[in-house]
Amino acid sequence: MSEIKYYEILAIRPEYVDGTGDCTEIIYESGETYLVEKNVNSFKNNMAYHYSTDLRANRKNYGERLRIKNNVPIVLSDKHILVPYKARKPKSKTDGAYGYFDLYHLKGFEGEGNNGVIVLKNGIKLKLNQNLERYLKYIAIVERLINERR
Numbered sequence: 763m764s765e766i767k768y769y770e771i772l773a774i775r776p777e778y779v780d781g782t783g784d785c786t787e788i789i790y791e792s793g794e795t796y797l798v799e800k801n802v803n804s805f806k807n808n809m810a811y812h813y814s815t816d817l818r819a820n821r822k823n824y825g826e827r828l829r830i831k832n833n834v835p836i837v838l839s840d841k842h843i844l845v846p847y848k849a850r851k852p853k854s855k856t857d858g859a860y861g862y863f864d865l866y867h868l869k870g871f872e873g874e875g876n877n878g879v880i881v882l883k884n885g886i887k888l889k890l891n892q893n894l895e896r897y898l899k900y901i902a903i904v905e906r907l908i909n910e911r912r
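Numbering (the working numbering), first residue to last: 763 to 912.
In structure tokens form, the structure reads like this:
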């Protein structure tokens, strides 16, 4: 696959690859995965550029609207809202810990405590490396974006 299908992306997550380092795994609606040799932040910036989204303005506007400062969801369009989740413990300070999934494809959660899993509508499961109860409170706040107009 040479061209990235941005409109079909369900989730992105950081992945370590031997010999390459910090990469991004793209998960599509079909369940197909694709590895990009860029870190998640770099890929997230490319994705925002593709959607003509200003990430600084997104963070300011939606951060104020939701009353949160960190881990503000990225609203790319009316059909795509990327929500951050802690995907791993980074090996170094420069490595990213957070991945993103599309809120419109969220089915639910499994597990408890620090053993949570995000379940997407197509059955894909993403390991959550943070407290599930706290994350559920965060998701309740973020879901207000679906009900509001952009």
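Beta carbons are placed, not taken as given, at the ideal position from N, Cα and C, and that holds for glycine.
Everything numeric in this text was worked out from a predicted model, so none of it was measured.
Classify LYS869 as helix, strand or coil using the three-state DSSP reduction. Taking the first residue of the sequence shown as 1, we reach residue 869 at position 107. Looking at LYS869 - three-state DSSP - the assignment turns out to be strand.
Could you pull the start and end residues of the alpha helix (DSSP H) that SER804 belongs to? Here residue 804 corresponds to residue number 42 of the sequence shown, with the count starting at 1. Taken as a continuous stretch (DSSP letters only), the alpha helix (DSSP H) holding SER804 covers 802 to 812.
Taking just the CA atoms, how far does ALA819 sit from LYS848? Within the sequence shown, residue 848 is the residue found at index 86, counting from 1. Within the sequence shown, residue 819 is the residue found at index 57, counting from 1. For LYS848 and ALA819, the distance between alpha carbons rounds to 23 Å.
Just the Cα atoms here: how many angstroms apart are ASP840 and LEU907? Along the sequence shown, read from residue 1 onward, the residue named residue 840 stands at position 78. Along the sequence shown, read from residue 1 onward, the residue named residue 907 stands at position 145. Their Cα atoms are separated by approximately 10 Å.
With a threshold of 8 Å on Cβ separation, who are the neighbours of GLU905 within its own chain once the five nearest residues in sequence on each side are excluded? Stepping through the sequence shown from its first residue, residue 905 is reached at position 143. Contacts found: LEU865.
Cβ distance (whole Å) where ASN801 is taken to contact THR786 below 8 Å: In the sequence shown, residue 801 corresponds to position 39, counting from 1. In the sequence shown, residue 786 corresponds to position 24, counting from 1. Their Cβ separation, rounded to whole angstroms, is 7 Å, which keeps ASN801 and THR786 in contact under 8 Å.
Taking C-beta to C-beta, are ILE774 and GLY861 nearer than 8 Å? The sequence position of residue 774 within the sequence shown is 12, counting from 1. The sequence position of residue 861 within the sequence shown is 99, counting from 1. For ILE774 and GLY861, yes; Cβs fall inside 8 Å.
Beta-ladder partner(s) of ARG850, from DSSP: In the sequence shown, the residue the question calls residue 850 occupies position 88. Partner(s): none; ARG850 has no beta bridge.
In this structure, how does DSSP classify ARG829 when only helix, strand and coil are distinguished? By 1-based counting over the sequence shown, the position of residue 829 is 67. It is coil, neither helix nor strand.
Return the chain-ordered list of same chain residues with a C-beta closer than 7 Å to the C-beta of ARG912, the five sequence neighbours on each side being excluded. As a working note, residue 912 is residue 150 in the sequence shown. Confidence at ARG912 is low in this model, with a pLDDT of 49, below 50, so its placement is unreliable and the value that follows should be read with caution. The answer, listed in chain order, is VAL837, ASP840.
Is it buried or exposed, GLY870, if we count other Cβ atoms within 10 angstroms and call 16 or more buried? In the sequence shown, the residue the question calls residue 870 occupies position 108. Label assigned to GLY870: exposed.
For GLY781, which of TYR900, GLY793, GLU799 has the nearest alpha-carbon? Working through the sequence shown from its first residue, we reach residue 781 at position 19. With distances taken between Cα atoms, GLY781 lies closest to GLU799.
Among the residues of its own chain, which have a CB less than 7 Å from the CB of PHE805, if the five just before and after it don't count? In the sequence shown, counting from the first residue as 1, residue 805 sits at position 43. So the list reads ILE774, THR786, VAL798, once near-sequence residues are dropped.
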